[in-house]
Structure formats: C-alpha cells, structure tokens
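Terminal number for the sequence shown in this note's numbering: 506, no gaps in between.
Where is the CB? At the ideal position from N, CA and C, for every residue including glycine.
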Amino acid sequence: MKLSDAINHRIQYYMKINNLNSFWDLYKVTGVPKATINSFLSSKKTEVPKLTTLIQICEGLNTNLKDFFNDDIFLDIDDDNV
C-alpha cells in the first residue's frame with residue numbers, strides 16, 4: 425500500500441469515529457484549507473500531507489501522531505517516494 429493511501433485510510437477512520445461525513449466537516453474541525461484537504465484525500469490524488477498539516481488534522485480529530493500511526497496498515501508501505 426502507498427503511504428498516501430494509508431494516511432487517507434486513517435483520516436477516513438478518524439473522521440468516521442468523530443462523525444464527520446465530508447471534507448467540509450474535516451475543514452471545520454481542523455482549520456486546514458479545503459483545497460489542501462482535497463489535494464490529499466481526493467481518490468485520484470497521491471499526495472502526502474506535510475507533517476505540520478497532519479498534526480493539525482490529528483488535533484481536530486481528537487488524536488495524536490503516535491495513535492494515528494499506531495496501526496498495522498503502516499507496516500507494509502510500498503512506496504518509492506517515502
């Protein structure tokens with residue numbers, strides 16, 4: 425799995441447990457610009473958010489980087505751009 429896909433999966437997971445149904449909802453709780461959110465969560469994109477952006481997203485989703493990356497999905501990252 426690519427790193428961008430794994431990060432997208434985890435953001436979607438935390439959105440679900442925080443009852444956020446759209447990128448707009450994510451924007452409201454994180455303050456991350458909608459264009460930035462769309463740039464890495466769109467199904468056709470393969471961008472990875474900057475670490476500072478990911479920290480801001482984690483804060484809005486009531487988690488932290490340690491918990492965010494504490495998932496087996498990150499054990500098998502197959503991405504030349506990591």
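Can you name the start and end residues of the alpha helix (DSSP H) that residue i belongs to?
i: F498; result: From DSSP, F498 is part of no alpha helix (DSSP H); its letter is neither H nor E.
Give me the residue from the options with the minimum Cα distance to residue i.
i: T477; options: N442, M425, L450 and N443; result: L450
i: G484; options: M425, D496 and P457; result: P457
i: D429; options: K468, I441 and W448; result: K468
For residue i, which three-state DSSP category applies?
i: V506; result: Note that V506 has pLDDT 49, beneath the 50 cutoff, so the model's placement of it is unreliable and the number below is only indicative. Three-state DSSP puts V506 in coil, outside helix and strand.
i: D425; result: Position check: residue 425 holds Met in this sequence, whereas Asp was assumed. The answer is coil: DSSP assigns M425 none of H, G, I, E or B.
i: N432; result: helix
Please report the distance separating the alpha-carbon of residue i from that of residue j.
i: L499; j: N443; result: 27 Å
i: D495; j: I481; result: 17 Å
i: L465; j: S446; result: 11 Å
i: I435; j: I501; result: 16 Å
i: G455; j: Y438; result: 16 Å
i: K452; j: I441; result: 16 Å
*Output the residue ranges of the alpha helix (DSSP H) runs that lie fully inside the stretch 449 to 497 and measure 4 residues or longer, sorted by chain position.*
458 to 465, 475 to 484 and 489 to 493
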